[in-house]
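S.K.: For the sequence shown, the residue numbers in our numbering are 2 to 342.
Don't be surprised by glycine CBs; every beta carbon is placed ideally from N, CA and C.
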Amino acid sequence: MKKVVLGKTGITTIQNAFGALPIQRVSDEYAVKLLRRAYEGGFTFFDTARAYSDSERKIGLAFSDMRDKITIASKTMSVTPEGIKRDLEASLKFLNTDYIDIYQVHNPAFCPKLNDGTGVYETLLEAKKEGKIRHIGLTNHRLHIAREAVESGLYETLQFPFCYLATDKEIELVKLCKEHNVGFIAMKALSGGLITNSAAAYAYISQFDNVLPIWGIQRDSELEEFISYISDTPEMNAKMTEMIEKDRKELLGDFCRGCGYCMPCPVGIEINNSARMSQLIRRSPSQNWLTPEWQEKMLKIESCLNCNKCASQCPYGLDTPALLRRNLEDYKNIISGKTKI
């Protein structure tokens with residue numbers, strides 16, 4: 002398997018990283034077992050966030066006795082000096098460490114810079130001088146903010162959605178990071194579950210030698226799949242290319258990526274899954290989405306207030322209420338048997 006150098010950070014890792022958001026859904030014991038197995042299998046880069054409930058604490062339980070052997074990236078959603086300091090201290094405590102390798106501003110609505118009046122970047126610099134963080138990064142879903150961060154020269158890494166559904170604009174962003182020596186960390190490498198062939202997903206990303214994909218993992222079977230790619234690395238071939246092109250024709254355009262920044266909904270609609278139900282139900286075991294529980298969840302769309310809060314927060318500019326209505330209509334037709342899947 003190829004190795005990636007994350008830009009000017011100098012951090013070197015195999016082109017395979019562990020996304021620790023999903024481990025908040027499993028027990029401490031299982032999470033520790035999973036994380037240690039990941040390390041034993043070859044993973045050394047682990048990405049988490051203060052917003053991922055107890056994910057940081059579980060990483061701390063797994064690796065406190067071998068901190069120097071792994072790289073930890075975490076994040077703060079705060080955009081005030083006080084909030085950043087509070088989040089950082091909490092992260093250090095839960096991770097059971099005295100430093101974080103890469104500390105990222107988590108999907109801000111603007112690009113924090115020096116002397117912009119917010120004090121955000123100055124606070125990060127202070128933490129770096131104190132040795133509490135080693136490198137400063139930014140995550141985002143908005144292309145213009147991502148580009149601004151890279152071109153500012155202030156950020157050592159960028160975390161941004163990237164997979165084989167990428168458009169020319171996302172590919173240009175990857176190249177821009179390489180030009181500016183900024184490490185590119187790829188989130189949503191499986192497009193929030195819409196991509197079901199992880200080998201093809203990996204093979205596509207491996208064509209970009211400056212991209213580090215982080216895979217959200219919460220099960221042994223998922224982990225073993227990605228561990229297997231270390232010794233038996235998937236490469237692009239005619240069959241994969243054909244499948245990727247088929248997926249791109251089906252999915253590119255007006256579809257929900259499941260990022261969740263539209264949440265919470267005032268009437269309790271699970272927007273991040275309901276707005277892409279038509280794709281989910283056709284691209285993963287359909288019985289998972291046809292349960293009485295999910296039928297009840299989908300019917301909540303009928304209570305939509307059309308407040309447009311979800312649309313205003315969508316980093317992709319989607320008309321989310323309209324997308325929800327279209328998915329509900331399709332779902333009802335599937336349930337009634339009018340539409341076959």
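Taking only three categories from DSSP, how would you classify residue 156?
M.R.: As a first step, residue 156 must be located in the sequence shown, where it is residue number 155. Here residue 156 sits in coil by DSSP.
S.K.: Please specify which runs of the beta strand (DSSP E), each continuous and at least 3 residues long, are wholly inside the region 89 to 157, giving them in chain order.
M.R.: You should have 101 to 107 and 134 to 140.
S.K.: Whole-angstrom Cβ separation of residue 215 and residue 20, contact assumed at under 8 Å?
M.R.: If you number the sequence shown from 1, residue 215 lands on position 214. If you number the sequence shown from 1, residue 20 lands on position 19. That belief holds up - the Cβ atoms of residue 215 and residue 20 are roughly 4 Å apart, short of 8 Å.
S.K.: In chain order, which continuous runs of the alpha helix (DSSP H) of length 4 or greater are located wholly inside the region 226 to 278?
M.R.: 239 to 252 and 272 to 275
S.K.: Around the Cβ of residue 258, are there at least 16 other Cβ atoms within 10 angstroms (buried) or fewer (exposed)?
M.R.: For this step, residue 258 is matched to residue 257 along the sequence shown. Buried, since its Cβ has 16 or more Cβ neighbours within 10 Å.
S.K.: With contact counted as at least three CB pairs below 8 Å, one residue from each stretch, are the region 201 to 215 and the region 292 to 309 in contact?
M.R.: no
S.K.: Counting only the same chain and skipping the five closest in sequence on each side, list residues whose C-beta sits under 8 Å from that of residue 157.
M.R.: The sequence position of residue 157 within the sequence shown is 156, counting from 1. Here the set comprises 7, 8, 9, 10, 103, 136, 137, 138, 183 and 184.
S.K.: Comparing C-alpha positions only, which one of 16, 22, 12 and 2 sits nearest to residue 219?
M.R.: Taking the first residue of the sequence shown as 1, we reach residue 219 at position 218. Ranking the options by Cα distance to residue 219, first place goes to 22.
S.K.: Counting only the same chain and skipping the five closest in sequence on each side, list residues whose C-beta sits under 6 Å from that of residue 260.
M.R.: As a first step, residue 260 must be located in the sequence shown, where it is residue number 259. Excluding residues within five positions, the ones whose Cβ falls inside 6 Å are 142.
S.K.: Tell me, which residues are paired with residue 214 by DSSP?
M.R.: For this step, residue 214 is matched to residue 213 along the sequence shown. Answer is 187.
S.K.: Just curious, the beta strand (DSSP E) that residue 6 is in, first and last residue?
M.R.: By one-based count along the sequence shown, residue 6 stands at place 5. Where residue 6 is concerned, the enclosing beta strand (DSSP E) stretches over 4 to 6.
S.K.: Can you grab the Cα-Cα spacing for the pair residue 146 / residue 140, in whole Å?
M.R.: As a working note, residue 146 is residue 145 in the sequence shown. As a working note, residue 140 is residue 139 in the sequence shown. Going from the Cα of residue 146 to the Cα of residue 140 covers about 9 Å.
S.K.: Are the CB atoms of residue 96 and residue 57 within a distance shorter than 8 Å?
M.R.: Position 56 of the sequence shown holds residue 57. Position 95 of the sequence shown holds residue 96. It is a contact, given that the beta carbons lie within the stated cut-off.
S.K.: Measuring from the CB of residue 6, is there a heavy atom of the ligand MG at a distance below 7 Å?
M.R.: The ligand MG is absent from the structure shown, which contains no ligands of any kind.
S.K.: Determine, using beta-carbon pairs with one atom in the region 65 to 78 and one in the region 101 to 119, whether at least three such pairs fall under 8 Å.
M.R.: Verdict: yes, contact present.
S.K.: Can you tell which of 94, 273, 99 and 318 has its C-alpha closest to the C-alpha of residue 1?
M.R.: Outside the modelled stretch of the chain, which goes from 2 to 342, sits residue 1, for which no answer is possible.
S.K.: Suppose you measure from the CA of residue 289 to the CA of residue 283; what does that come to, to the nearest Å?
M.R.: The residue labelled residue 289 in the question sits at position 288 within the sequence shown. The residue labelled residue 283 in the question sits at position 282 within the sequence shown. In this structure, the CA atom of residue 289 is about 11 Å from the CA atom of residue 283.
S.K.: Since residue 372 sits in a beta bridge, which residues does DSSP pair it with?
M.R.: Shown here, the chain extends from 2 to 342; a query on residue 372 therefore has no answer.
S.K.: On the DSSP letters alone, give me the boundaries of the beta strand (DSSP E) that residue 48 sits inside.
M.R.: As a working mapping, residue 48 is identified with position 47 in the sequence shown. 46 to 48 is the extent of the beta strand (DSSP E) around residue 48.
S.K.: Please report the residue range of the alpha helix (DSSP H) in which residue 335 lies.
M.R.: Position 334 of the sequence shown holds residue 335. Per DSSP, the unbroken alpha helix (DSSP H) holding residue 335 starts and ends at 321 to 337.
S.K.: How far does the alpha helix (DSSP H) with residue 310 in it reach, from first residue to last?
M.R.: Residue numbering aside, residue 310 sits at position 309 when the sequence shown is read from its first letter. Under the DSSP assignment, residue 310 falls in the alpha helix (DSSP H) whose first and last residues are 310 to 314.
S.K.: Is residue 129 closer than 8 Å to residue 122 when the C-beta atoms are compared?
M.R.: As a first step, residue 122 is located in the sequence shown; it is residue number 121 there, counting from the start. As a first step, residue 129 is located in the sequence shown; it is residue number 128 there, counting from the start. The answer is no: Cβ separation not under 8 Å.
S.K.: DSSP state of residue 28, grouped into three classes?
M.R.: By one-based count along the sequence shown, residue 28 stands at place 27. DSSP places residue 28 in coil when its eight states are reduced to three.
S.K.: With distances taken from CA atoms, which of 109, 12 and 60 is nearest residue 79?
M.R.: Translated into positions along the sequence shown, residue 79 becomes position 78. Measuring from the Cα of residue 79, the nearest candidate turns out to be 109.
S.K.: Measuring only the C-alpha atoms, how far is residue 186 from residue 178?
M.R.: On the sequence shown, residue 186 is found 185 positions in, with the first residue counted as 1. On the sequence shown, residue 178 is found 177 positions in, with the first residue counted as 1. Distance between the alpha carbons of residue 186 and residue 178 is about 10 Å.
S.K.: Decide if residue 311 is buried, meaning its Cβ has at least 16 other Cβ atoms within 10 Å, or exposed.
M.R.: What you label residue 311 is simply residue 310 of the sequence shown in a count that begins at 1. The residue in question, residue 311, is buried, as its Cβ has 16 or more Cβ neighbours within 10 Å.
S.K.: According to DSSP, simplified to helix, strand and coil, what is residue 293?
M.R.: Locating residue 293 in the sequence shown gives position 292, counting from the first residue. Of the three classes helix, strand and coil, the one that applies to residue 293 here is helix, per DSSP.
S.K.: Between the alpha carbons of residue 47 and residue 18, how many angstroms are there, rounded?
M.R.: Within the sequence shown, residue 47 is the residue found at index 46, counting from 1. Within the sequence shown, residue 18 is the residue found at index 17, counting from 1. Distance from the CA atom of residue 47 to the CA atom of residue 18, rounded to whole angstroms, is 6 Å.
S.K.: Counting only the same chain and skipping the five closest in sequence on each side, list residues whose C-beta sits under 8 Å from that of residue 291.
M.R.: Taking the sequence shown and counting its residues from 1, one reaches residue 291 at position 290. So the list reads 282, 335 and 336, once near-sequence residues are dropped.
S.K.: For residue 321, does the count of other Cβ atoms within 10 angstroms reach 16, so buried, or fall short, so exposed?
M.R.: Mapped onto the sequence shown, residue 321 falls at position 320. Buried is the call here.
S.K.: Which stretch, first to last residue, makes up the alpha helix (DSSP H) that contains residue 170?
M.R.: The sequence position of residue 170 within the sequence shown is 169, counting from 1. 169 to 180 is the span of the alpha helix (DSSP H), which, as asked, contains residue 170.
S.K.: Looking only at its own chain, which residues have a Cβ that is under 8 Å from the Cβ of residue 268, when we skip the five neighbours before and after it?
M.R.: For the purposes of this step, residue 268 is identified with residue 267 of the sequence shown, where counting begins at 1. Cβ neighbours of residue 268 beyond the five flanking positions: 301, 304, 305 and 306.
S.K.: Are residue 275 and residue 325 touching if we call contact CB-CB under 8 Å?
M.R.: Position 274 of the sequence shown holds residue 275. Position 324 of the sequence shown holds residue 325. Cβ atoms of residue 275 and residue 325: closer than 8 Å.
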